[in-house]
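**Q** Pasting a structure below so you can have a look.
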Amino acid sequence: MRNAIIALVLLLSGPGAPGWSLDQAAPFELSCASFPADITESMLRERYGEDNVVAGSVTGREDDARDGTLLFPGDSALVLEIEWHDSSRQRPRWIQAKGESGRWTTPAGIHLGMDLRSLERMNGRPFRLAGFVNEIAGMIQSWAGGRLERPRATGCELTIYMYPRPETTGPDGRFREVGLGTNYSSGHPAMQQLNPRVVAIGLHYGGD
11 MRNAIIALVL
21 LLSGPGAPGW
31 SLDQAAPFEL
41 SCASFPADIT
51 ESMLRERYGE
61 DNVVAGSVTG
71 REDDARDGTL
81 LFPGDSALVL
91 EIEWHDSSRQ
101 RPRWIQAKGE
111 SGRWTTPAGI
121 HLGMDLRSLE
131 RMNGRPFRLA
141 GFVNEIAGMI
151 QSWAGGRLER
161 PRATGCELTI
171 YMYPRPETTG
181 PDGRFREVGL
191 GTNYSSGHPA
201 MQQLNPRVVA
211 IGLHYGGD
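Once you know that position 100 of the sequence shown is 110 in the numbering used here, the rest is easy, because the numbers rise by one and skip nothing.
Rendered as structure tokens:
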């Protein structure tokens, strides 16, 4: 019942509602509340419009392409990739925005392109993140009790990945110091010098 109410509110007040336009500059919230675990592709079509929800190839953080759904495929600042648990497209496996910039934000206001030092200021203290040369490269592990710490939603997890600018990732320098490990402080001198940016914001859902 609660998810149905959320969906109705978003339909009436968010994208797809009467008077709403993609040209509006307002940010779009990417959260477990706006995309609950039981959202379906048909619900997305009702909310955002048929032309803005298309079947397509998605990659997420992986290199291999998979069948999925693209939300706003014609707008680089709004495009979301969605992979489903099965061909019925009734339950998402993950949803992700990625790139150097974009209009999707978390409830706390985190967006693509935001740098490590800005996140530290928002959090009020250093946080923990993975190194950049492993399968969870740059994933934020914990806000370490800071202001950005939030209870995790049941069946849905918000994930944020960071990565340094390409010119800082050569074989020499500070990049090597925070490459292989899975849990570094954002206050580490190498992290501070690299000052990585948010390159992906995603929602990951439990279950097979």
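We put the beta carbon where it would ideally sit given N, CA and C, even for glycine. Small disclaimer: the values here were computed from a predicted structure and weren't measured.
Among Q106, L80 and P161, which one has its Cα closest to the Cα of S152?
**A** As a position in the sequence shown, residue 152 is number 142, starting the count at 1. It is P161.
**Q** Helix, strand or coil: how does DSSP classify E159 here?
**A** Numbered from its first residue, the sequence shown carries residue 159 at position 149. Three-state result, E159: coil.
**Q** Quick check on the burial criterion: 16 or more other C-beta atoms within 10 angstroms. Buried or exposed for N133?
**A** As a working mapping, residue 133 is identified with position 123 in the sequence shown. By the neighbour-count rule (16 or more Cβ atoms within 10 Å), N133 is buried.
**Q** Flag this pair as touching only if the region 78-87 and the region 101-113 have three or more C-beta atom pairs under 8 Å; answer yes or no.
**A** In short, these stretches touch, since the Cβ pair count reaches three.
**Q** Please classify E91 as buried or exposed, where buried requires at least 16 other C-beta atoms within 10 Å of its C-beta.
**A** Looking up residue 91 in the sequence shown gives position 81. Classification of E91: buried, given that the 10 Å Cβ count is 16 or more.
**Q** Candidates P102, Q106, Q203 and A210: which alpha carbon is nearest P46's?
**A** In the sequence shown, the residue the question calls residue 46 occupies position 36. When each option's Cα is compared against that of P46, the closest is P102.
**Q** Restricting to Cα atoms, I'd like to know which of V64, G123 and D74 is closest to R99.
**A** As a working note, residue 99 is residue 89 in the sequence shown. Ranking V64, G123 and D74 by Cα distance to R99 puts V64 first.
**Q** Pull up the distance between the alpha-carbon of M149 and that of H214, whole angstroms please.
**A** Here residue 149 refers to the residue found at position 139 when the sequence shown is read from its first residue. Here residue 214 refers to the residue found at position 204 when the sequence shown is read from its first residue. In a straight line, the C-alpha of M149 is about 13 Å away from that of H214.
**Q** Give the straight-line distance between the Cα atoms of R76 and E93, rounded to the nearest whole angstrom.
**A** Here residue 76 is taken as the residue at index 66 of the sequence shown, counted from 1. Here residue 93 is taken as the residue at index 83 of the sequence shown, counted from 1. Looking at the two C-alpha atoms, the distance is approximately 8 Å.
**Q** Which residue from G123, T79 and P117 puts its Cα closest to that of P206?
**A** Locating residue 206 in the sequence shown gives position 196, where the first residue counts as 1. Nearest C-alpha to P206: G123.
**Q** Given a cut-off of 8 Å, decide if F142 and P176 are closer than it, judged by their beta-carbon atoms.
**A** Position 166 of the sequence shown, counted from the start, is the residue given in the question as residue 176. Position 132 of the sequence shown, counted from the start, is the residue given in the question as residue 142. Contact: no.
**Q** Among the candidates A107, A140, R157 and D125, whose CA atom is the shortest distance from the CA of T192?
**A** For this step, residue 192 is matched to residue 182 along the sequence shown. For T192, the nearest C-alpha among the options comes from A140.
**Q** Work out the CA separation of S52 and G59 for me, nearest whole Å.
**A** Along the sequence shown, read from residue 1 onward, the residue named residue 59 stands at position 49. Along the sequence shown, read from residue 1 onward, the residue named residue 52 stands at position 42. C-alpha separation (whole angstroms): 10 Å.
**Q** Going by beta carbon distance, what residues of the same chain come within less than 6 Å of L54, once the five residues before and after it are set aside?
**A** Taking the sequence shown and counting its residues from 1, the one referred to as residue 54 is at position 44. Correct list, in chain order: V63.
**Q** Rounded to a whole number of angstroms, what is the C-alpha to C-alpha distance between M172 and Q203?
**A** If you number the sequence shown from 1, residue 172 lands on position 162. If you number the sequence shown from 1, residue 203 lands on position 193. Between M172 and Q203, the C-alpha separation is close to 14 Å.
**Q** On a CA-only basis, which of A118, D74, T69 and T50 is nearest E159? Give me that one, please.
**A** On the sequence shown, position 149 is the one that residue 159 refers to. Selected option, being the one with the closest Cα: A118.
**Q** On the three-state DSSP scale, how would you describe V64?
**A** Within the sequence shown, numbered from 1, the residue matching residue 64 stands at position 54. It is a strand residue.
**Q** Please work out which residues of its chain come closer than 7 Å, Cβ to Cβ, to W104, disregarding the five sequence neighbours upstream and downstream, and give them in chain order.
**A** Residue numbering aside, residue 104 sits at position 94 when the sequence shown is read from its first letter. Contacts found: G70, E93, G212, L213, H214 and Y215.
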